[in-house]
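*Asks:* Numbering follows our numbering, with no gaps: position 362 of the sequence shown is 374. Note that the Cβ used here is the ideal one computed from N, Cα and C, for glycine as well. Since we're looking at a predicted model, the values are computed, not measured. Sharing a structure, written as structure tokens. Questions coming.
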Amino acid sequence: MRMVCIGLEYGLYPSDFFPKRTGRDYELPRLLSPLAGLKNEFTVFSGLDHPGITGGHQATHTFLSGIRSNQAKQYPEGNITIDQKAAEHVGAQTRYQSMQLGIGGGGVSWSRNGVEIPTIDRLQTVFDALFEETPKSKRTRQAGAYAVNRSILDVVGEDAAALKKRVSAGDSTKLDEYFTSIREVEKRLEQSAAWLNKPKAKTNFKLPKTPPTSFTDQVALFYDLMKLALQTDSTRVISMAIHGWKGDSGLTGVTKGYHDLSHHGRDEAKLNQLGIIERFHTAQLARFLGSLKETQAADDASLLDRTMVLFGSGLGNASSHSNRELPLLLAGGGFQHGQHKAYPADSGVKTPACNLYLSMLQRFGVESDRFGTSTGTLEGLR
């Protein structure tokens with residue numbers, strides 16, 4: 013199984029994203045119309061969010077975890093995001109335990125230690141990581157560096173273990189967090205070393221000789237590279253965070269910045285331009301899902317059947333900076349799709365989005381009965 017999580021920093025206009033009817037007999041709203049040919053391959057969810065999370069843009073980092081970074085220590089696994097939990101399950105089975113991509117800003121992935129994982133924001137860097145062979149001389153140097161780093165970690169671990177015997181309970185807890193960080197680094201070093209001399213996948217795909225400057229071209233190519241990464245089994249877990257652009261949007265009819273348009277205040281002119289951007293996003297999602305569906309996986313199923321794709325945002329309404337009622341869509345992964353599932357509050361108690369994430373993780377193969385703020389798996393999702 014594979015997992016892709018796509019996060020839009022500026023959300024999606026609710027009236028154009030959420031269907032009016034629930035169940036299978038729902039009419040696709042404007043933003044989902046590019047996905048019409050794939051209606052049976054995805055599910056739209058409404059009524060899900062992260063309980064207690066507020067703060068607008070300052071809280072969008074909770075999108076895939078449900079937990080603010082400054083509250084991570086209150087939870088057994090910190091604010092680890094769903095993609096990183098899945099990546100831990102994959103381990104060293106693939107060259108890259110996970111890949112984090114970013115366009116125009118930061119990422120959406122966090123480790124169990126409350127650390128935001130940096131993104132790759134250059135197309136060429138992603139392509140080289142997947143397909144460009146590392147010269148033997150450089151691989152030799154890297155192997156030496158891995159060995160030195162492992163030796164350093166051994167010494168640091170021994171010193172910390174000795175220190176733990178002499179510190180207070182509070183400091184001992186901090187040292188335990190430190191040990192966890194050391195073990196994570198050790199695992200990454202071991203995985204990198206194991207794949208160092210194995211040949212990379214081959215491809216006929218080529219990036220444009222001149223790097224694209226428009227937002228639209230960059231987004232499209234990042235989707236292409238994600239598909240190739242999954243198809244070649246270079247990784248089974250990918251997150252992609254999409255922010256705005258600094259130069260050319262590449263979108264006819266868009267004259268203002270993405271962030272500015274997201275704060276539309278129901279201004280019709282701004283909403284029209286915002287709609288152009290957001291329909292571009294759902295059209296690219298449709299192209300990506302269609303490509304996965306047309307690609308055969310190793311077991312004769314389609315790559316889409318073997319890849320769960322989460323598309324959404326940590327913002328429910330960017331104009332009002334609300335983190336309520338998150339726009340969430342799940343495609344592929346072998347789930348029974350084709351519906352709009354609504355989860356209204358029950359006596360004031362809302363269903364956490366982490367219930368959806370727990371269901372996804374269990375389908376991925378992770379043996380867990382809890383994730384983030386979940387209260388169980390998501391009712392009705394099979």
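#1: Counting beta carbon pairs with one atom in the segment 260-271 and one in the segment 245-252, are three or more of them shorter than 8 Å?
#2: Run through DSSP, which three-state label would K239 get?
#3: Go ahead and label E280 buried or exposed: buried means 16 or more other beta carbons lie within 10 angstroms of its beta carbon, across all protein chains shown.
#4: Only counting the same chain, and skipping five residues up and downstream in sequence, which positions put a Cβ closer than 6 Å to that of L233?
#5: Distance, Cα to Cα, K221 vs A84?
#6: Taking R14 as part of the beta strand (DSSP E), name the residues at either end of that continuous run.
#7: Mind reading off the beta-carbon distance from M320 to M372? Whole number of angstroms is fine, and I expect it under 8 Å.
#8: Going by beta-carbon coordinates alone, are I115 and V231 separated by less than 8 Å?
#9: Across the segment 353-363 and the segment 322-333, are there enough close Cβ pairs to call them in contact, namely three or more that are closer than 8 Å?
#10: Could you tell me which uninterrupted beta strand (DSSP E) segments, each at least 3 residues in length, are contained entirely in the segment 22-69, listed from first to last along the chain?
#11: Can you tell me whether S77 is buried or exposed? The criterion is at least 16 other CB atoms within 10 Å of its CB, across all chains shown.
#12: Could you pull the start and end residues of the beta strand (DSSP E) that L341 belongs to?
#13: Using a Cβ-Cβ distance cut-off of 8 Å, determine whether S121 contacts chain B.
#14: Among all the DSSP beta bridges, which residues are the ones paired with Q285?
#15: Between the C-alpha atoms of R375 and V102, what's the straight-line distance to the nearest angstrom?
#16: Let me confirm a value: F139 is counted as buried when at least 16 other C-beta atoms fall within 10 Å, else exposed. Which label applies?
#17: What does K353 pair with, by DSSP beta-bridge criteria?
#18: From the DSSP output, in three-state form, read off A253 for me.
#19: At what residues does the beta strand (DSSP E) containing T319 begin and finish?
#20: When we look at the beta-carbon of F217 and count the other beta-carbons within 10 Å, is it buried (16 or more) or exposed?
#21: Taking DSSP as the reference, what is the three-state secondary structure of I129?
#22: So I18 and M252 are in contact, right, with Cβ under 8 Å, and what is the actual spacing, rounded?
#23: If I follow the unbroken beta strand (DSSP E) through L113, where does it start and stop?
#24: Name the DSSP bridge partner or partners of Q308?
#25: Where I79 and E170 are concerned, what is the direct C-alpha to C-alpha distance, given to the nearest angstrom?
#26: Going by alpha carbons, who is nearest to Q109 out of N125, G68, M15?
#27: According to DSSP, is D95 part of a helix, a strand, or is it coil?
#28: Would you grab the beta carbon distance between M13 and G345 for me? Rounded to a whole angstrom, and I think it's under 8 Å.
#29: Taking C-alpha atoms, which residue in S334, L390, S359 lies nearest to T66?
#30: Return yes when the Cβ of T228 is within less than 8 Å of the Cβ of F292, no when it is not.
*Replies:* According to the structure data:
#1: no
#2: helix
#3: Label assigned to E280: exposed.
#4: L135
#5: Going by the C-alpha atoms only, they are around 43 Å apart.
#6: Counting along the chain, the beta strand (DSSP E) containing R14 begins and ends at 14-20.
#7: 6 Å
#8: A distance below 8 Å separates the beta carbons of I115 and V231.
#9: no
#10: 54-58
#11: It counts as buried.
#12: 340-344
#13: Of the protein chains in the structure, only one exists, and it is not chain B.
#14: Bridge partners of Q285: none, in fact.
#15: 13 Å
#16: buried
#17: Looking at the DSSP assignment, K353 forms a beta bridge with F57.
#18: strand
#19: Counting along the chain, the beta strand (DSSP E) containing T319 begins and ends at 319-324.
#20: exposed
#21: coil
#22: Indeed, because the Cβ distance is near 5 Å, the residues count as touching under 8 Å.
#23: Its beta strand (DSSP E) spans residues 111-115.
#24: S314
#25: 32 Å
#26: M15
#27: In the structure shown, D95 sits in a helix (DSSP, three-state: H, G or I).
#28: 7 Å
#29: S334
#30: F292 is a Cβ neighbour of T228, given a cutoff of 8 Å.
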